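> Sharing a structure below in structure tokens format, with a few things to ask.
Residue numbers (the numbering used here): 31 to 540.
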């Protein structure tokens, strides 16, 4: 009897243990998210794709979610929210070392809680911001009308803006939207690129800007305020093929509105170039030309961005000239700036004329010419002006400290030179050691010379000699050639030139 009781007790314990075991929790169905609201980005639900939903499940370690038995009736400190295709809402917040997910089905109030390991701030900053930014931009781009385009040359005053037709807008929008998956999100841009190749206005505030940098291709999606002031932009990297496809389509649109370059201009072969160098117009000195071969001519056409040029009225006059390029068959390309008297805006222009046909004249509005200027400057090796060698200075101005000169603290003593002194100083100057300084802007700071060599009152040329720690700097006003436009050139030479001149002045002149 005792044995039977023992068996019954054991069986009772077994059934009791079975009855007290935890209730099995059915697995959570894998959701397909359709929208996300990221509180730190914008308080607005942003639609996402199934591919993005799948990437979020991987990011959220969905297979590791653990059921949490808490009975809270609200979800606090939510950082972001997702909604799936069944309209179930998922609220994400931080809970200690874990991320807490509160799930509420549509038309229900009960909250099911799950947790998984992670840091919600890291998750947001490292992954979600980019995904939401791209999804938001995609939504904006898809909903817009693409009403205004500019592919240059004037991006600032709107003189080269044009409007797409309905069919053009729809076709270009389809091209952009269908290729958005190829855009590689790079981050938030703090400002817009200074130089870009196309601007596409989506509405009064949102724009796309295409631009290139160091053989890479980008697009900014940016927003402005009522005053057209930049607020914020996301930027993406594009493949060259995709960038080229966009630009080709835009230029097709542009050519239906504006007339571009003629065949005469397109087929020009450049032979020599000149430019305005710090006020010195090198085209006034034929021996200062920059020779251009066939390869430089082809490269010039790319740098000039001829595909952006727009044919304009031939009646305009340039405010000032910046470059002058000569071509075969007598063509002359005069680049410069035109000031519109109606609004005082300035624009880049080129006037094309011919020495063989005085009636030929074509005027184009153009873009920035910095690449052409830089090339000409780099390849400019002017002969040393004979007027410097021939300059017969007759007196020298020597600087000295003068406390009565409150503004500068410097005054000058003037000494007349005899012929022997002129020849000796000319020898001290050592012209053969002078080197043209191609970056003279650094000298325009109110710097006062140590010495000034000047000629007769009728002579316009002057040598101003300055001292630095390791060089002698000479500014030559009007390098001669009897041209008022030749402002001046800067040269530098060894420090010994100034030191030797100082010793000579102290010993022989003062």
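We put the CB at the ideal spot given by N, CA and C, even for glycine. Note that this is a predicted model, so its numbers are computed, not measured.
Give a yes or no on contact between the segment 64-77 and the segment 108-117, applying the rule of three or more CB pairs nearer than 8 Å.
Yes, the segment 64-77 touches the segment 108-117.
> May I ask whether a heavy atom of the ligand GDP can be found less than 7 Å away from the beta carbon of residue 347?
By its list of ligands, the structure shown contains no ligand whatsoever, and the ligand GDP lies outside what it can speak to.
> May I ask which residues mark the beginning and end of the alpha helix (DSSP H) holding residue 326?
Residues 324-333.
> Could I get the ranges of all uninterrupted alpha helix (DSSP H) runs contained in the segment 123-168, with 4 residues as the minimum, in chain order?
Listed in chain order, the complete alpha helix (DSSP H) runs (minimum 4 residues) inside the segment 123-168 are 150-153.
> In the segment 175-226, which residue ranges form an unbroken beta strand (DSSP E) of at least 3 residues, counting only runs that do not cross its ends?
Taking only runs of at least 3 residues, the beta strand (DSSP E) segments lying wholly in the segment 175-226 are 178-180 and 214-219.
> Which residues does DSSP list as the beta-bridge partners of residue 524?
Residue 524 is bridged to 501.
> Which one of 225, 190 and 120 has the shortest CA to CA distance from residue 244?
Of the listed residues, the one whose Cα sits closest to residue 244 is 225.
> Express the C-alpha separation of residue 318 and residue 461 in angstroms, rounding to a whole number.
Answer to the nearest angstrom: the Cα atoms are 18 Å apart.
> If you run the structure through DSSP and keep just helix, strand and coil, what is residue 64?
Note: residue 64 maps to strand in three-state DSSP.
> With three or more beta-carbon pairs closer than 8 Å as the criterion, would you say the segment 182-199 touches the segment 366-379?
In short, these stretches touch, since the Cβ pair count reaches three.
> Is there contact between the segment 319-328 and the segment 386-404, where contact requires at least three CB pairs shorter than 8 Å?
No, because fewer than three Cβ pairs between the segment 319-328 and the segment 386-404 fall closer than 8 Å, the two stretches do not touch.
> Please tell me whether residue 76 and residue 122 are closer than 8 Å, where the distance is taken between their beta carbons.
No. Outside cutoff.
> Roughly how far, in whole angstroms, is the beta-carbon of residue 504 from the beta-carbon of residue 523, given that I think they are within contact range, below 8 Å?
With a Cβ gap of about 7 Å, residue 504 and residue 523 count as contacting.
> Where does residue 448 fall in DSSP's three states?
Three-state result, residue 448: coil.
> By the 10 Å Cβ neighbour count, where 16 or more other Cβ atoms means buried, how is residue 298 classified, buried or exposed?
Buried is the call here.
> For residue 546, which three-state DSSP category applies?
In the structure as shown, the chain starts at 31 and stops at 540, and residue 546 therefore has no counterpart that could be examined.
> Answer yes or no: do residue 352 and residue 308 have a C-beta to C-beta separation smaller than 8 Å?
Taking 8 Å as the Cβ cut-off, residue 352 and residue 308 do not qualify as a contacting pair.
> Quick one: what's got a C-beta closer than 6 Å to residue 168's C-beta in the same chain, skipping five residues either side?
Excluding residues within five positions, the ones whose Cβ falls inside 6 Å are 210.
> Starting from the C-beta of residue 176, find all residues in its chain whose C-beta is less than 7 Å away, skip the five residues before and the five after it, and write them out in chain order.
Excluding positions up to five away in sequence, the list reads 194, 199, 202, 203, 230 and 232.
> Could you tell me the distance, in whole angstroms, from the CA atom of residue 540 to the CA atom of residue 464?
Residue 540 and residue 464: Cα-Cα distance of roughly 26 Å.
> On the CB-based measure, 16 or more other CB atoms within 10 Å of its CB, does residue 357 come out buried or exposed?
Buried.
> Identify the residues that DSSP records as bridge partners of residue 379: which are they?
BP columns for residue 379 point to 366 and 395.
> Roughly how many angstroms separate the alpha carbons of residue 300 and residue 333, rounded to a whole number?
Taking the straight line joining both Cα atoms gives about 13 Å.
> Quick test of the definition: if touching needs 3 or more C-beta pairs under 8 Å, does the segment 115-129 touch the segment 141-150?
Yes, the segment 115-129 is in contact with the segment 141-150.
> When you compare the CB positions of residue 219 and residue 277, do they come within less than 8 Å of one another, or not?
For residue 219 and residue 277, no; Cβs fall outside 8 Å.
> Whole-angstrom Cβ separation of residue 280 and residue 179, contact assumed at under 8 Å?
About 6 Å; that satisfies the 8 Å criterion.
> Which runs of the alpha helix (DSSP H) spanning at least 4 residues fall entirely within the segment 267-341, listed in chain order?
270-285, 293-296 and 324-333, all fully within the segment 267-341.
> State the CB to CB distance for the pair residue 239 and residue 252, rounded to an integer number of angstroms; the pair is presumed to be in contact (CB under 8 Å).
Rounded, the Cβ-Cβ distance is 7 Å, consistent with contact.
> With contact counted as at least three CB pairs below 8 Å, one residue from each stretch, are the segment 332-346 and the segment 426-440 in contact?
Result no; under three Cβ-Cβ pairs closer than 8 Å.
> In whole angstroms, what separates the C-alpha of residue 235 from that of residue 262?
Approximately 11 Å, taken between the alpha carbons.
> Between which residues of its own chain and residue 166 is the CB-CB distance below 6 Å, once the five residues before and five after are set aside?
These residues qualify, in order along the chain: 76.
> For residue 444 and residue 406, what's the separation of their Cα atoms in angstroms?
Going by the C-alpha atoms only, they are around 40 Å apart.
> Tell me, which residues are paired with residue 262 by DSSP?
DSSP lists 253 as partners of residue 262.
> Are residue 429 and residue 478 close, meaning C-beta to C-beta below 8 Å?
For residue 429 and residue 478, yes; Cβs fall inside 8 Å.
> Using the rule of at least 16 other Cβ atoms within 10 Å of the residue's Cβ for burial, across every protein chain shown, is residue 496 buried or exposed?
Result: buried.
> With DSSP as the reference, please indicate the residues paired to residue 248 in a beta bridge.
Bridge partners of residue 248: 241 and 267.
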